[in-house]
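So the protein lines, in turn, are chains H, C, E, L, V and U.
Numbering follows numbering that gives the first Met the number 0, in which position 105 of the first sequence is assigned residue number 104; successive positions increment by one, without gaps.
Numbering follows numbering that gives the first Met the number 0, in which position 22 of the second sequence is assigned residue number 21; successive positions increment by one, without gaps.
Numbering follows numbering that gives the first Met the number 0, in which position 45 of the third sequence is assigned residue number 44; successive positions increment by one, without gaps.
Numbering follows numbering that gives the first Met the number 0, in which position 89 of the fourth sequence is assigned residue number 88; successive positions increment by one, without gaps.
Numbering follows numbering that gives the first Met the number 0, in which position 29 of the fifth sequence is assigned residue number 28; successive positions increment by one, without gaps.
Numbering follows numbering that gives the first Met the number 0, in which position 163 of the sixth sequence is assigned residue number 162; successive positions increment by one, without gaps.
Number of protein chains: 6
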Amino acid sequence: MNKPDSSSQASAKTALVVSAHSADFVWRAGGAIALHTQAGYQVHIVCLSFGERGESAKLWRKGEMTEEKVKASRRQEAIAAAEILGASIEFFDMGDYPLRADKEDLFRLADVYRRVQPHFVLTHSLKDPYNYDHPLATNLAQEARIIAQAEGYKPGEKIVGAPPVYCFEPHQPEQCEWRPDVLLDITPVWDKKYQAIQCMAGQEHLWEYYTRVALQRGVQAKRNIGITAAKEIIYGEGYQSIFPRVTGDLS
Amino acid sequence: MNKPDSSSQASAKTALVVSAHSADFVWRAGGAIALHTQAGYQVHIVCLSFGERGESAKLWRKGEMTEEKVKASRRQEAIAAAEILGASIEFFDMGDYPLRADKEDLFRLADVYRRVQPHFVLTHSLKDPYNYDHPLATNLAQEARIIAQAEGYKPGEKIVGAPPVYCFEPHQPEQCEWRPDVLLDITPVWDKKYQAIQCMAGQEHLWEYYTRVALQRGVQAKRNIGITAAKEIIYGEGYQSIFPRVTGDLS
Amino acid sequence: MNKPDSSSQASAKTALVVSAHSADFVWRAGGAIALHTQAGYQVHIVCLSFGERGESAKLWRKGEMTEEKVKASRRQEAIAAAEILGASIEFFDMGDYPLRADKEDLFRLADVYRRVQPHFVLTHSLKDPYNYDHPLATNLAQEARIIAQAEGYKPGEKIVGAPPVYCFEPHQPEQCEWRPDVLLDITPVWDKKYQAIQCMAGQEHLWEYYTRVALQRGVQAKRNIGITAAKEIIYGEGYQSIFPRVTGDLS
Amino acid sequence: MNKPDSSSQASAKTALVVSAHSADFVWRAGGAIALHTQAGYQVHIVCLSFGERGESAKLWRKGEMTEEKVKASRRQEAIAAAEILGASIEFFDMGDYPLRADKEDLFRLADVYRRVQPHFVLTHSLKDPYNYDHPLATNLAQEARIIAQAEGYKPGEKIVGAPPVYCFEPHQPEQCEWRPDVLLDITPVWDKKYQAIQCMAGQEHLWEYYTRVALQRGVQAKRNIGITAAKEIIYGEGYQSIFPRVTGDLS
Amino acid sequence: MNKPDSSSQASAKTALVVSAHSADFVWRAGGAIALHTQAGYQVHIVCLSFGERGESAKLWRKGEMTEEKVKASRRQEAIAAAEILGASIEFFDMGDYPLRADKEDLFRLADVYRRVQPHFVLTHSLKDPYNYDHPLATNLAQEARIIAQAEGYKPGEKIVGAPPVYCFEPHQPEQCEWRPDVLLDITPVWDKKYQAIQCMAGQEHLWEYYTRVALQRGVQAKRNIGITAAKEIIYGEGYQSIFPRVTGDLS
Amino acid sequence: MNKPDSSSQASAKTALVVSAHSADFVWRAGGAIALHTQAGYQVHIVCLSFGERGESAKLWRKGEMTEEKVKASRRQEAIAAAEILGASIEFFDMGDYPLRADKEDLFRLADVYRRVQPHFVLTHSLKDPYNYDHPLATNLAQEARIIAQAEGYKPGEKIVGAPPVYCFEPHQPEQCEWRPDVLLDITPVWDKKYQAIQCMAGQEHLWEYYTRVALQRGVQAKRNIGITAAKEIIYGEGYQSIFPRVTGDLS
């Protein structure tokens, strides 16, 4: 498990990604992760489960498979992808289909918030009728953030601020009532994202699907620029923010 | 009428404010205007009407009043406020209660978009059951923006990009289904905003109301900051954006 | 045209009903009208059109029919129904399918507001994909209310306050995104309402439909009572309010 | 103008497409049109405008262009595309950016409804903050349908029933609050749709965009099938229905 | 417990109904069940509880009652109703007021999905402020469907596809934010539904309520038919679908 | 613990307040409590937790603090505030950050409903992304109300009716999708509310915040009065009702 190096952490900006299954962060947030690690952020990924039951169909169809084998294979893929994206990663191994969280899981994630002190957080959408683990992960990420803000939780520790939380794109966005209010230009890191995607050997059918998602969001990003910039946007990622943005500049 | 000086315009960033009545921009966007003019933006305000019928109760109660006198008085107040905020201003004098727009009004506003080439746009909320002029102004601002983007409207002119549009705060926000997704820190320019507010002699009952609005939005802004900054936020303005934000940084 | 008697008006409570077609007020608000006239209110009904094109199918099928004949017949039915309900009524004869309102119509209705000084207003739902005249009537009722509140509209006249506006039940409530937040017990006046309904000879197919609506809303009203009252609710009417209710008692 | 042949009409099923600009029906509904004409439907397309101002950027950039030239070119493209799709087409030439409809336009479209007697209707989304002509077309299509249903409009003519209305996919679906509740398998006619798309020489940048849309909706369609059918779905189109579906079978 | 006969299952179409309490399926889905069993479907009903605490007021008022007696009585009624409707039924006996589900309940229901392989699923609405057991049943039905789709849950078993899920009508539809997008014509089987309703001796007050519901939905169904069919619709049931419908025909 | 005196209870009207943390009822509902106790209601407050972890930052920063000390201090403040407001209060001590409720907590609260037989209920908003304990309290209050209505829960006890439930104002109303549909005039009891607010020594930063909230809701209340009453409204509280209001008077 490669955790963020706490010694250098003080100076760097940081981000936290909460992923229900061990591949979600790649399809949905790989661009954001690569973009920010490249800009000097320390990005830390928590995978709540390996998606061993629900998102490993190809592995199970191989036969001679056990849950442990699937989890080991998925872990390998996720570590490889995180490395390409430049992020640290850890696994909570909470089980999937269904994902369930008790208080200990909540506190464990709150402790990660305290340790990482993220400048922003990426997680799933608020609803997903196709996948109940996803909104459960979002809820856990949200509630852990609140716990980590409380002076009375492990008093004396450094509490966290109110980092923005962004919901990444679900598989069928309109059915999840997900509406992107942020379009991130990931053109400069698309190669890395696609390389990370290719680590997901068990879900090859999704490679081209998420390439097309990136191209569509890229076109849409171009359609929403005020004054055309010099650089060209080709690939994008969409995010929906949960909290209002605090700023001093509206352009 | 003091229009933006086109000679210097090329180099500066610009913004456009579309105000249904001649005082709306002060209560609802005075902070944003002052903040950006102070930062070097050229901000231009279009007042579609003077609010002569619907928002000048105190003047009418004086007696011996005519629509022309009310309009003249309101124009004076608006010009004074704009000057304090550092913005240029023009008046379409379309009438209020009800505000109505025909194609000529639409094209006139589209032409302002072409001339100003705004980096962002401020206007009213999408709904307001207390004030039908407000959403009509929003619709006009939105449709004029679309016309100004079209190559086939006055072909050969420089079209506009897709500047973000922000809806400023209506009087009873929840009843207008308005939800701020941007909280602007206007602490550095609060003095100017309050000075501009004081130009609105006819609506003194609103001075303290909008001071409290600014204080509440300020507190809320502090509650939504990721990593606490050095500076203190005291006053804020809330905005709801219509379009997704295109960015390369999520913190 | 029987208008409210202005001499006695000062002392009585009043209400205004804005009905797109000349029968709408019967199906949708007949109970509320009878209940309040019985309680001493002066209730005034404005029918914007006779529903001569769109809601008089049975008449048209008789043959030998002209628009004037249909309108005369519909007028008779509406006057008879209003009389049973104890309300005054007037007809704007603006035409239907489509209903369209210009500024003169708006001012005419604003003048009714000024004259009636209503304690509450009943009109259609905000949306209706089956009937575009209905939401247009709602919008006209809403905007006229705003005009009537403005000191600058016909200065010197007595302006109106901010009477609550209730949307009555559309034909297919869920499809109109209409949700009742008020259930009115109309049991004491059901006989009158059903008598008024029977005036609508041209729409007999709706008599039983709206009897069932009243029974369902009656059952639902019983289900939403805090502490069971002595009296039994059998018939109800549902309303959706547009504005918050101001009160000093929550029970 | 090639209108549906009224002689053969009685026996065939029919559909009506209301397109704000002359290319919209291709990108957004080309698959549905081809699929149904292939199944024996007579599909008739009404283009309210040519999109001469707002959706012909490439033509305008050629220089030496006039509105008439643009319109002629757009008409040619649309006729060619309709022919490939097997549909009849007519042009209302109402102008675009802004599209505006008066009563005559409304009645003209109502008359088309009466003539075509459509079994279903395709048109734009209910909202589109990027394109005000689109929802205006939807509203016109909806209101004309209502007029055409009224016995009192041109009494004696055959009125229309209540054909389902489907909103086709806007360019940025989530921003338009559009949610597909129907996924149409257009795999068997994709070749025709892509051929029709290629008629739109002036908007080549959209060819690949809408190919990707079709592929994404195809994948999503596969994800929403109850019991896997024999045939493979590759291309899809999404639709949002406005009215409830009446059926006798839920599978 | 009469379960579907697995030998004949392969050839027949099947459906699954998940009912929070043992009478819900009758009021809310009796027509759909009878219609489909009559058409050759094997319909299987799972009652999560007997509604022994919350929906058996009349039984409790008899005196000398115990929870076991109430449950036995309710079981009898439900079995009788299911028989009339032609469906098989089983009881999970999970308790009501409150209904609570643990992982074992979830897996038990997932196993039913696997066994039944339903072509469609009927269950409760997504929200119900009057009855918390209802949305809990919906959530359980939804999550069990997802588990049953996962290759990694009991690997080697036949997984299920993505059958459409329809929410049946709650008692106060608008308060539950329930909007029917399917109107099912149950006229041919109304007699059976009413016969099944009459099995619910403990809730006689609901017989006429749900008869009126059926009549209203019948009228509404007639109002939403494209081209009037020969047969007459008198009784209907409304459903709200959760997932998009995949089809090749829009009429 | 000062519970309502059951001997006198029969004759008085009653109300129940369910507060997630021990200070919530003061900021959010202090005016309603004082207003109704002054009018002769017996108002009973249940504090589910003391807010010891999440809402006692100032206490924790004092140092030398333990959870027990914080809870004792918070209990004292709450009792003092309840006394000023004239209400009885009890503490469930369920813990906060996170608040979690099991069946026993649910039944305990249902028993309070049975004992108090409230004419109305006050609790938190349905959503709050800043505070997960708040909506959990709302859900508990709602479900306990349903249990208390069930004949089969502790058969023989007096069940409760269907008292209206009002959601009080969250800290950032728009972010919680909270919209007030009731504005309560609390001017006559403002002094008491502010006195109660001052008991909350640990949260002094909120005193002025909630004074401004009261002033804003007061201004808004004045804006929503039909016919201006003699008395002046200065302070208000906003509420969102969950259930429709049953009434016989619309003014």
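Note that the Cβ used here is the ideal one computed from N, Cα and C, for glycine as well.
From a predicted model like this one, the values you see are computed outputs, not experimental measurements.
>> With the cut-off set at 8 angstroms, would you say Glu76(U) and Ala200(U) are in Cβ contact?
In response: Taking the first residue of the sixth sequence as position 1, residue 76(U) is located at position 77. Taking the first residue of the sixth sequence as position 1, residue 200(U) is located at position 201. Yes, Cβ-Cβ distance for Glu76(U) and Ala200(U) is below 8 angstroms.
> For the alpha helix (DSSP H) that Ala14(V) lies in, which residues bound it at each end?
Replying inline: In the fifth sequence, the residue the question calls residue 14(V) occupies position 15. Counted as a single uninterrupted DSSP element, the stretch harbouring Ala14(V) is not any alpha helix (DSSP H) but the beta strand (DSSP E) occupying residues 13-18.
> How would you call Ala38(V), buried or exposed, if buried means at least 16 neighbouring beta carbons within 10 angstroms?
Replying inline: On the fifth sequence, position 39 is the one that residue 38(V) refers to. Exposed, by the Cβ-count rule.
> Roughly how many whole angstroms lie between the Cα atoms of Val17(H) and Asp184(H)?
Replying inline: For the purposes of this step, residue 17(H) is identified with residue 18 of the first sequence, where counting begins at 1. For the purposes of this step, residue 184(H) is identified with residue 185 of the first sequence, where counting begins at 1. In a straight line, the C-alpha of Val17(H) is about 21 angstroms away from that of Asp184(H).
>> Does the region 78-86 of chain U come into contact with the region 113-127 of chain U, if we say contact requires no fewer than three beta-carbon pairs (one atom in each stretch) closer than 8 angstroms?
In response: For the pair of segments examined, the region 78-86 of chain U was found not to touch the region 113-127 of chain U: the number of CB pairs separated by less than 8 angstroms stays below three.
> Contact check, Cys166(E) vs Gln215(E) under 8 angstroms by CB: the rounded distance?
Replying inline: In the third sequence, residue 166(E) corresponds to position 167, counting from 1. In the third sequence, residue 215(E) corresponds to position 216, counting from 1. Actually they are not in contact, since the Cβ atoms of Cys166(E) and Gln215(E) sit about 18 angstroms apart, beyond 8 angstroms.
>> Please tell me whether Val188(E) and Leu34(E) are closer than 8 angstroms, where the distance is taken between their beta carbons.
In response: For the purposes of this step, residue 188(E) is identified with residue 189 of the third sequence, where counting begins at 1. For the purposes of this step, residue 34(E) is identified with residue 35 of the third sequence, where counting begins at 1. Cβ distance < 8 angstroms, so Val188(E) and Leu34(E) count as in contact.
> Whole alpha helix (DSSP H) runs in the region 128-201 of chain V with 4 or more residues, listed along the chain?
Replying inline: 132-148, 189-196
>> Please report the distance separating the alpha-carbon of Ser72(E) from that of Ala11(L).
In response: As a first step, residue 72(E) is located in the third sequence; it is residue number 73 there, counting from the start. As a first step, residue 11(L) is located in the fourth sequence; it is residue number 12 there, counting from the start. Cα to Cα, Ser72(E) sits roughly 40 angstroms from Ala11(L).
>> For Thr65(C) and Glu103(E), I'd like the C-alpha separation in whole angstroms.
In response: Walking along the second sequence from the start, residue 65(C) turns up at place 66. Walking along the third sequence from the start, residue 103(E) turns up at place 104. Approximately 21 angstroms between the Cα atoms of the pair.
> Can we say the region 91-110 of chain E touches the region 234-249 of chain C, given the rule of at least three CB pairs closer than 8 angstroms?
Replying inline: Using a C-beta cut-off of 8 angstroms, the region 91-110 of chain E makes no contact with the region 234-249 of chain C, since fewer than three inter-stretch Cβ pairs fall below that distance.
> Ends of the alpha helix (DSSP H) at Tyr112(U)?
Replying inline: Counted from its first residue, the sixth sequence places residue 112(U) at position 113. Per DSSP, Tyr112(U) belongs to the alpha helix (DSSP H) from 102-115.
> How many angstroms separate the CA atom of Leu98(V) from the CA atom of Cys46(E)?
Replying inline: The residue given as residue 98(V) occupies position 99 in the fifth sequence. The residue given as residue 46(E) occupies position 47 in the third sequence. If I take the Cα positions, the gap works out to 51 angstroms.
> Roughly how many whole angstroms lie between the Cα atoms of Arg27(V) and Glu176(V)?
Replying inline: Along the fifth sequence, read from residue 1 onward, the residue named residue 27(V) stands at position 28. Along the fifth sequence, read from residue 1 onward, the residue named residue 176(V) stands at position 177. Whole-angstrom Cα-Cα distance: 16 angstroms.
>> Helix, strand or coil for Thr246(H)? Go by DSSP, reduced to three states.
In response: Here residue 246(H) refers to the residue found at position 247 when the first sequence is read from its first residue. Strand.
>> Below 8 angstroms on the Cβ atoms is my contact criterion, and I expect Ser55(H) with Met93(H) to pass it. Report the Cβ-Cβ distance as a whole number of Å.
In response: Your numbering for residue 55(H) matches position 56 in the first sequence. Your numbering for residue 93(H) matches position 94 in the first sequence. About 16 angstroms; that fails the 8 angstroms criterion.
>> With a threshold of 8 angstroms between beta carbons, is Leu47(U) in contact with chain E?
In response: As a working mapping, residue 47(U) is identified with position 48 in the sixth sequence. Chain E contact via Cβ: absent.
>> At a CB distance below 9 angstroms, what residues from the region 155-185 of chain C approach chain L? Give them in sequence order.
In response: Gly155, Ile158, Ala161, Val164
> What does Gly201(U) reach in chain E if we use C-beta pairs closer than 7 angstroms?
Replying inline: The residue labelled residue 201(U) in the question sits at position 202 within the sixth sequence. Simply none; closest approach about 29 angstroms.
> Taking the Cβ atom as the reference point for each residue, do Val120(H) and Glu168(H) lie within a distance shorter than 8 angstroms?
Replying inline: As a position in the first sequence, residue 120(H) is number 121, starting the count at 1. As a position in the first sequence, residue 168(H) is number 169, starting the count at 1. At a Cβ-Cβ threshold of 8 angstroms, Val120(H) and Glu168(H) do not count as neighbours.
>> Rounded to the nearest angstrom, what separates Val218(U) and Ala220(C) at their Cα positions?
In response: Translated into the one-based positions of the sixth sequence, residue 218(U) becomes position 219. Translated into the one-based positions of the second sequence, residue 220(C) becomes position 221. Within the model, the alpha-carbon separation for Val218(U) versus Ala220(C) is close to 23 angstroms.
>> Just to confirm my understanding: we take Lys192(C), look at its own chain, exclude 5 residues before and 5 after, and list those with CB closer than 8 angstroms. What are they?
In response: On the second sequence, position 193 is the one that residue 192(C) refers to. Val25, Gly29, Gly30, Ala33, Leu84, Ile185, Ala213, Tyr234.
> For Leu34(E), which of helix, strand or coil comes out of DSSP?
Replying inline: Here the question's residue 34(E) lines up with position 35 in the third sequence. Note: Leu34(E) maps to helix in three-state DSSP.
> How about Arg244(E): is its C-beta nearer than 8 angstroms to some C-beta of chain V?
Replying inline: Within the third sequence, numbered from 1, the residue matching residue 244(E) stands at position 245. No, its Cβ sits nowhere closer than 8 angstroms to a Cβ of chain V.
> Closer than 8 angstroms, CB to CB, is Arg222(H) near chain C or not?
Replying inline: Here residue 222(H) refers to the residue found at position 223 when the first sequence is read from its first residue. Interface residue, yes.
> According to DSSP, what are the bridge partners of Phe90(H)?
Replying inline: Taking the first residue of the first sequence as position 1, residue 90(H) is located at position 91. Per DSSP, Cys46(H).
> Are there 16 or more other CB atoms within 10 angstroms of the CB of Thr36(H), so buried, or fewer, so exposed?
Replying inline: Working through the first sequence from its first residue, we reach residue 36(H) at position 37. Around the beta-carbon of Thr36(H), 16 or more other beta-carbon atoms lie within 10 Å, marking it buried.
> What residues from the region 63-81 of chain U come within 8 angstroms of chain H, judged by C-beta to C-beta, listed N to C?
Replying inline: Met64, Glu66, Val69
> Got a sec, what are the start and stop residues for the alpha helix (DSSP H) Glu307(U) sits in?
Replying inline: For residue 307(U) there is no data in the structure shown, the boundaries of chain U being 0 and 250.
> Buried or exposed: where does Gly155(V) fall if 16 or more other Cβ atoms within 10 Å of its Cβ makes it buried?
Replying inline: As a first step, residue 155(V) is located in the fifth sequence; it is residue number 156 there, counting from the start. So Gly155(V) counts as exposed.
> Which chain C residues are close to Lys126(H), counting only those with a beta carbon under 7 angstroms from its beta carbon?
Replying inline: Start at 1 with the first residue of the first sequence, and residue 126(H) comes out as number 127. The contacting residues do not exist; Lys126(H) stays about 17 angstroms from chain C at best.
> Hey, Ala143(V) and Ala109(V): beta-carbon distance below 8 angstroms or not?
Replying inline: Position 144 of the fifth sequence, counting from 1, holds the residue named residue 143(V). Position 110 of the fifth sequence, counting from 1, holds the residue named residue 109(V). In contact: Ala143(V) and Ala109(V) (Cβ atoms closer than 8 angstroms).
> Taking 7 angstroms as the cut-off, does the CB of Phe106(U) come closer than this to any heavy atom belonging to the ligand GDP?
Replying inline: Absence of the ligand GDP from the depicted structure is noted, as is the absence of any ligand whatsoever, leaving it without description.
> Taking the DSSP output, what are the residues bridged to Val212(V)?
Replying inline: Stepping through the fifth sequence from its first residue, residue 212(V) is reached at position 213. Beta-bridge analysis with DSSP links Val212(V) to no other residue.
>> Quick check: what's the CA-CA separation for Asn1(H) versus Val42(U)?
In response: For the purposes of this step, residue 1(H) is taken as the residue at position 2 of the first sequence. For the purposes of this step, residue 42(U) is taken as the residue at position 43 of the sixth sequence. Because Asn1(H) carries a pLDDT of 44, less than 50, the predicted location of this residue cannot be relied on, and no value is offered for it.
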